[in-house]
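Written out below as structure tokens is the structure these notes cover.
Numbering (this note's numbering), first residue to last: 155 to 708.
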């Protein structure tokens, strides 16, 4: 399948009809014009636009961008929260043939400036609350010709050193709504995200229009969304194209809710729209779902979210988290897997009908802990160190390799990164895992995060999940650090629930782990912390953890 394609008998299909995101938006406005986009502001008030109104604003944005000098192939950055203007940029920028550069607002100024310069960015759209971040990099970014301020305020009320600046709403008000969209080649770059790994500089993944359209159809289908659903965009829109749901939503015609700017210290309040807007589908990292669950747990009346599906990725949701959501609200946490390089959907975990009949409740919950089976359209295999595919027995580990129409085939202008791809076109994920006879994949760890102790391997992910199964533990991370005798030993960082603080000991955690782990695998150190270091996309930052605790056994 990875070899050069051969031509069979000629078809009569219109195969030169180009897939691009403009067609998605045209479809949404035509077929679901009265459907609603809800954008929540910091003060709690909400903007509401129909799909038809959104399309009108997108057309005005496209014309406005052309007026200020943006055009085919230009990279246009966006520094914004999940709000309606960000959504409009998702369609308006690529619609004119420019490239939507999604800028991670949680990067350091040094890394952010690197991304802007590496992409040779021409304009940046920036939310007024993020102006200080833009100002911190502006002097280091010579290719940037101007900044468009995203705000409800008048431009005269904005205090900034950025120059030149444009006012988003004024640009839209002065622009025409009539537009003739270019017939873009579907292989043109739609947009770009830069990886935020814990080693090296960010690397650019440039998604094609074809890639985005095919992925959107896949994630919408696999999430089983219909126009009767309400989708809540929790995943940051700067991360892996918001997991493709800003496109899938418009294909399917769902009510679409954007949380806007939120307080990182009050993530629990993100749960409020679940009830007030009637959310039935969402997606996000466990780092978001956990505080939302605590918010729900403290409500006098627990919401009935029966039938709601919350896709969870970035890191593995614990069994406790999945069970608590289901028992408290009726909502189901659905495990999925992917990466920036995969747009991101690779697998999804739904229990097959025959397994529903065959498995006990305990076995079903155990199955839900897996990352799921590969979605149609992708080739996924697990190989050992010799590149030989491992048996599908649920036990034999190896590295996960992926290829397909929405998987990156290279990194943009990144010499030396070729080793992350095989000769037959697979991307090396860096994730270690197994596959069972039913095709379900289980991530055992990042290859680099496996802990080698005394010549044997310990899975940090398994130990994290078991630690979080303790009723007193809200969150836990495990990393391998240097040991003078055993090469590496695990250290556990645990965040204790407020009601259990001072009542649980390190020995209690080790005794709990001893039920599932061999004595030699048990951690010698358990550290209680208020918060665990995380990357900009909500994953545990093992590099920082290893650095902070590198001397704990020395």
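Idealized CB from N, CA, C, for every residue including glycine.
Keep in mind the model is a prediction, meaning the values are calculated, not measured.
In whole angstroms, what separates the C-alpha of residue i from that of residue j?
i, j, result
"residue 627", "residue 262", "30 Å"
"residue 257", "residue 185", "32 Å"
"residue 302", "residue 308", "13 Å"
"residue 492", "residue 310", "43 Å"
"residue 694", "residue 321", "38 Å"
"residue 479", "residue 255", "35 Å"
"residue 645", "residue 440", "21 Å"
"residue 579", "residue 251", "27 Å"
"residue 352", "residue 198", "Low confidence applies here, because residue 352 scores a pLDDT of 49, under 50, leaving its location unreliable and the question unanswered by this model."
"residue 402", "residue 371", "6 Å"
"residue 568", "residue 558", "21 Å"
"residue 393", "residue 173", "23 Å"
"residue 553", "residue 592", "18 Å"
"residue 446", "residue 239", "25 Å"
"residue 612", "residue 600", "12 Å"
"residue 649", "residue 510", "35 Å"
"residue 703", "residue 635", "7 Å"
"residue 518", "residue 405", "32 Å"
"residue 276", "residue 226", "12 Å"
"residue 327", "residue 194", "22 Å"
"residue 708", "residue 638", "6 Å"
"residue 340", "residue 642", "49 Å"
"residue 534", "residue 499", "12 Å"
"residue 365", "residue 508", "33 Å"
"residue 512", "residue 588", "22 Å"
"residue 312", "residue 444", "36 Å"
"residue 573", "residue 537", "15 Å"
"residue 158", "residue 390", "37 Å"
Which of the three DSSP states, helix, strand or coil, is assigned to residue i?
i, result
"residue 560", "coil"
"residue 673", "helix"
"residue 542", "coil"
"residue 269", "helix"
"residue 415", "coil"
"residue 613", "coil"
"residue 362", "strand"
"residue 168", "coil"
"residue 555", "strand"
"residue 175", "helix"
"residue 352", "Low confidence applies here, because residue 352 scores a pLDDT of 49, under 50, leaving its location unreliable; read the following figure in that light. Coil, per DSSP."
"residue 276", "coil"
"residue 193", "strand"
"residue 520", "helix"
"residue 696", "helix"
"residue 393", "coil"
"residue 682", "strand"
"residue 581", "strand"
"residue 211", "helix"
"residue 336", "coil"
"residue 707", "coil"
By the 10 Å Cβ neighbour count, where 16 or more other Cβ atoms means buried, how is residue i classified, buried or exposed?
i, result
"residue 674", "exposed"
"residue 525", "buried"
"residue 196", "exposed"
"residue 738", "Nothing can be reported for residue 738: it is not among the residues displayed for the chain, which extend from 155 to 708."
"residue 167", "exposed"
"residue 616", "buried"
"residue 315", "exposed"
"residue 610", "exposed"
"residue 232", "buried"
"residue 598", "buried"
"residue 171", "exposed"
"residue 696", "buried"
"residue 530", "exposed"
"residue 163", "exposed"
"residue 345", "buried"
"residue 217", "buried"
"residue 665", "exposed"
"residue 165", "exposed"
"residue 539", "exposed"
Between residue i and residue j, how many whole angstroms is the CB-CB distance? I'm expecting something under 8 Å.
i, j, result
"residue 411", "residue 381", "About 15 Å; that fails the 8 Å criterion."
"residue 488", "residue 465", "5 Å"
"residue 211", "residue 242", "5 Å"
"residue 354", "residue 272", "Incorrect: roughly 13 Å between the Cβ atoms, too far for contact."
"residue 467", "residue 485", "No, residue 467 and residue 485 are not in contact; Cβ-Cβ is about 16 Å, not under 8 Å."
"residue 356", "residue 265", "6 Å"
"residue 399", "residue 437", "6 Å"
"residue 179", "residue 268", "Contact doesn't hold; Cβ gap of about 32 Å is too wide."
"residue 152", "residue 561", "With the chain represented from 155 up to 708, any question about residue 152 goes unanswered, as that position is not in the structure."
- Message: Which runs of the beta strand (DSSP E) at least 3 residues long sit entirely within the segment 446 to 484? Give them in chain order.
- Response: Listed in chain order, the complete beta strand (DSSP E) runs (minimum 3 residues) inside the segment 446 to 484 are 463 to 466.
- Message: My parser needs the alpha helix (DSSP H) runs of 4 or more residues fully inside the segment 604 to 671; what are they?
- Response: Those alpha helix (DSSP H) runs which fall completely within the segment 604 to 671 and span 4+ residues are 614 to 622 and 660 to 667.
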